[in-house]
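Colleague: Residue numbers for the sequence shown follow our numbering, so the first one is 144 and each next one is one higher.
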Amino acid sequence: MRSARNAGSRGIFGDMASLIKHLPHYQEPATLILLKGHLLVEELLRGYIDRKLPNPSAFKHDQFPFAKVLMLCRALSPQKMKSWSFDAAKVLNDLRNEIAHELESEDPQGKLEKFVNLVEQHSKGSVFPPQERREARLYMAISDLHNELIRVLHGKEI
Numbered sequence: 144m145r146s147a148r149n150a151g152s153r154g155i156f157g158d159m160a161s162l163i164k165h166l167p168h169y170q171e172p173a174t175l176i177l178l179k180g181h182l183l184v185e186e187l188l189r190g191y192i193d194r195k196l197p198n199p200s201a202f203k204h205d206q207f208p209f210a211k212v213l214m215l216c217r218a219l220s221p222q223k224m225k226s227w228s229f230d231a232a233k234v235l236n237d238l239r240n241e242i243a244h245e246l247e248s249e250d251p252q253g254k255l256e257k258f259v260n261l262v263e264q265h266s267k268g269s270v271f272p273p274q275e276r277r278e279a280r281l282y283m284a285i286s287d288l289h290n291e292l293i294r295v296l297h298g299k300e301i
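Here it is as structure tokens:
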């Protein structure tokens with residue numbers, strides 16, 4: 144993973160540019176979209192931590208797995224910011240862990256659809272492709288999750 148210090152200094156437009164540049168095309172396999180999307184969400188979260196800490200060089204990113212980083216970001220974000228994004232990021236992480244660490248995963252397509260449905264249910268203003276276009280739906284869900292996290296982490300209310 145790239146250094147979060149680089150990610151943290153880019154600001155909101157850098158975050159979006161990173162998503163557009165690195166998220167595989169929606170016609171790529173779902174596993175690749177999932178893994179890259181997870182990395183992009185993780186980079187966004189680690190960059191947020193660096194922006195919030197008075198002394199970010201003292202924070203050892205490699206000692207904190209995604210789940211702990213997500214918990215820390217939730218704790219650092221303004222209480223008034225109610226969002227579905229932290230729950231969706233947890234589901235994304237659980238799905239990624241299952242695919243990356245288990246040889247025989249139980250119903251990965253069903254869990255992938257659960258993640259997409261969670262984002263689709265809460266995401267406003269997005270029109271998701273039909274269910275048979277799984278990779279395109281996953282691409283849209285990761286993009287919407289990323290955008291919602293940017294909104295929340297930058298403290299922008301709807």
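All residues carry an ideal CB built from backbone N, CA and C; glycine is no exception.
Because the structure is a prediction, the values reported are computed rather than measured.
To which residues of the same chain is Asn149 closer than 6 Å at the C-beta, ignoring the five residues directly before and after it?
Modeller: Reliability fails at Asn149, whose pLDDT of 42 lies under 50, so the model's placement of it is uncertain and the value that follows must be treated cautiously. Within the same chain, Asn149 has no close Cβ partners at all.
Colleague: Terminal residues of the continuous alpha helix (DSSP H) containing Lys179?
Modeller: Here the alpha helix (DSSP H) through Lys179 covers Ala173 to Lys195.
Colleague: Using alpha carbons as the reference points, say which of Phe229, Leu219, Val184 and Phe258 lies closest to Glu278.
Modeller: The option with the nearest alpha carbon to Glu278 is Phe258.
Colleague: For Ile229 and Leu213, which I take to be in contact (beta-carbon distance under 8 Å), what is that distance rounded to the nearest angstrom?
Modeller: The sequence shown places Phe at residue 229, rather than the Ile named in the question. Rounded, the Cβ-Cβ distance is 6 Å, consistent with contact.
Colleague: Contact defined as beta carbons within less than 8 Å: I believe Glu185 pairs with Phe209. What is the distance between those atoms, to the nearest angstrom?
Modeller: With a Cβ gap of about 5 Å, Glu185 and Phe209 count as contacting.
Colleague: Rounding to the nearest angstrom, what Cα-Cα distance links Val262 and Ser200 in this structure?
Modeller: Distance between the alpha carbons of Val262 and Ser200: 33 Å.
Colleague: Report the three-state DSSP secondary structure of Val270 (helix, strand or coil).
Modeller: Reduced to three states, the DSSP call for Val270 is coil.
Colleague: Using alpha carbons as the reference points, say which of Gln252, Leu288 and Gln274 lies closest to Thr174.
Modeller: Nearest C-alpha to Thr174: Gln252.
Colleague: Determine, using beta carbons only, whether Leu235 and His181 come nearer to each other than 7 Å.
Modeller: It is a contact, given that the beta carbons lie within the stated cut-off.
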